[in-house]
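In this note's numbering, the protein residues as written are 35 to 257. Heads up, the beta-carbon is just placed ideally off N, CA and C, and yes, glycines get one too.
Written as structure tokens, this is what we have:
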């Protein structure tokens with residue numbers, strides 16, 4: 035099988051290979067391709083490192099019951115149905131990031147039209163200038179769980195996640211892999227979601243790559 039390195043689906047296949055969600059035939063074909071493709075082998079190594087970093091960086095506490103399904107339901111509702119492979123990728127990424135093993139049958143069982151999760155999970159856009167390049171999902175209440183999903187493509191490969199509270203206190207949640215077009219990670223907010231003024235993703239050289247909250251690019255409605 036011939037693989038087109040300019041095809042966006044190839045990037046998706048690489049991630050599905052790392053996550054173990056490719057079917058047997060596709061996996062066998064891709065393994066054969068990896069044996070002779072240095073570019074894909076390099077990308078796979080980087081993806082494996084990213085998944086390992088996400089797993090190590092996951093909060094010690096488990097997310098509250100139902101948080102994973104509500105976040106995945108929100109992603110499903112926001113994803114065009116015609117992009118079947120991309121929708122499956124978003125499901126897989128979110129499941130990996132929040133350390134959830136989700137089978138296809140389980141995902142299919144979630145009611146995509148249900149909005150019952152909206153009372154406990156707040157969704158806020160992630161902005162780069164005036165363009166939305168991702169979403170922040172935060173658990174309301176005392177758990178302080180959040181998941182950040184970004185589709186930004188950039189040469190910046192790591193960012194610090196900075197939280198600004200309503201008292202103007204800044205808290206650095208750590209450094210995360212970024213810029214591949216499918217960056218996602220979990221974290222715990224230092225304060226309840228209602229007390230978050232802004233979330234900033236900042237490059238290691240100090241450049242603001244994205245914000246969610248009070249900024250010239252967009253406003254977090256709860257601020």
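Closest by C-alpha distance to residue 194, when choosing among 230, 182, 163 | Your numbering for residue 194 matches position 160 in the chain shown. Residue 194 has its Cα closest to that of 182, out of 230, 182, 163.
Mind reading off the beta-carbon distance from residue 244 to residue 167? Whole number of angstroms is fine, and I expect it under 8 Å.
-> Start at 1 with the first residue of the chain shown, and residue 244 comes out as number 210. Start at 1 with the first residue of the chain shown, and residue 167 comes out as number 133. 6 Å between Cβ atoms; contact.
Selected residue, minimal CA-CA separation from residue 196, among 206, 188, 202, 187 = Position 162 of the chain shown, counting from 1, holds the residue named residue 196. Closest option to residue 196, Cα to Cα, is 206.
For residue 230, count neighbouring C-beta atoms within 10 Å of its own C-beta (all shown protein chains included) and say buried if the count is 16 or more, exposed if not.
-> The residue given as residue 230 occupies position 196 in the chain shown. Flag for residue 230 reads buried.
Could you give the C-beta distance for residue 210 and residue 186, rounded to a whole number, given that I count them as a contact under 8 Å?
-> Here residue 210 refers to the residue found at position 176 when the chain shown is read from its first residue. Here residue 186 refers to the residue found at position 152 when the chain shown is read from its first residue. Not a contact, Cβ separation roughly 12 Å.
Whether residue 208 touches residue 188 by CB criterion (7 Å) = For the purposes of this step, residue 208 is taken as residue 174 along the chain shown, with counting starting at 1. For the purposes of this step, residue 188 is taken as residue 154 along the chain shown, with counting starting at 1. Taking 7 Å as the Cβ cut-off, residue 208 and residue 188 do not qualify as a contacting pair.
For residue 62, count neighbouring Cβ atoms within 10 angstroms of its own Cβ and tell me buried if that reaches 16, exposed if not.
-> Taking the chain shown and counting its residues from 1, one reaches residue 62 at position 28. Counting Cβ neighbours within 10 Å, residue 62 comes out exposed, since fewer than 16 surround it.
Separation of residue 59 from residue 75, as counted between CA atoms | Residue 75 sits at position 41 when you count from the first residue of the chain shown. Residue 59 sits at position 25 when you count from the first residue of the chain shown. Rounded to the nearest angstrom, the two C-alpha atoms are 19 Å apart.
Taking all protein chains shown into account, decide if residue 55 is buried (16 or more other Cβ within 10 angstroms of its Cβ) or exposed.
-> Along the chain shown, one-based indexing puts residue 55 at 21. Residue 55 comes out buried.
Helix, strand or coil: which one does DSSP assign to residue 53?
-> Position 19 of the chain shown, counting from 1, holds the residue named residue 53. Of the three classes helix, strand and coil, the one that applies to residue 53 here is helix, per DSSP.
Tell me whether residue 201 sits in a helix, a strand or coil according to DSSP, three-state version.
-> Within the chain shown, the letter at position 167 stands for residue 201. Of the three classes helix, strand and coil, the one that applies to residue 201 here is coil, per DSSP.
Classification of residue 169 by the beta-carbon crowding that lies within 10 angstroms, buried from 16 upward = Your numbering for residue 169 matches position 135 in the chain shown. Buried: at least 16 other Cβ atoms inside 10 Å.
Per DSSP, what kind of secondary structure is residue 48 in: helix, strand or coil?
-> Within the chain shown, residue 48 is the residue found at index 14, counting from 1. Secondary structure of residue 48 (DSSP, three-state): helix.
Where do the N-terminal and C-terminal ends of the beta strand (DSSP E) with residue 165 fall, by residue?
-> Taking the first residue of the chain shown as 1, we reach residue 165 at position 131. First-last of the beta strand (DSSP E) with residue 165: 165–173.
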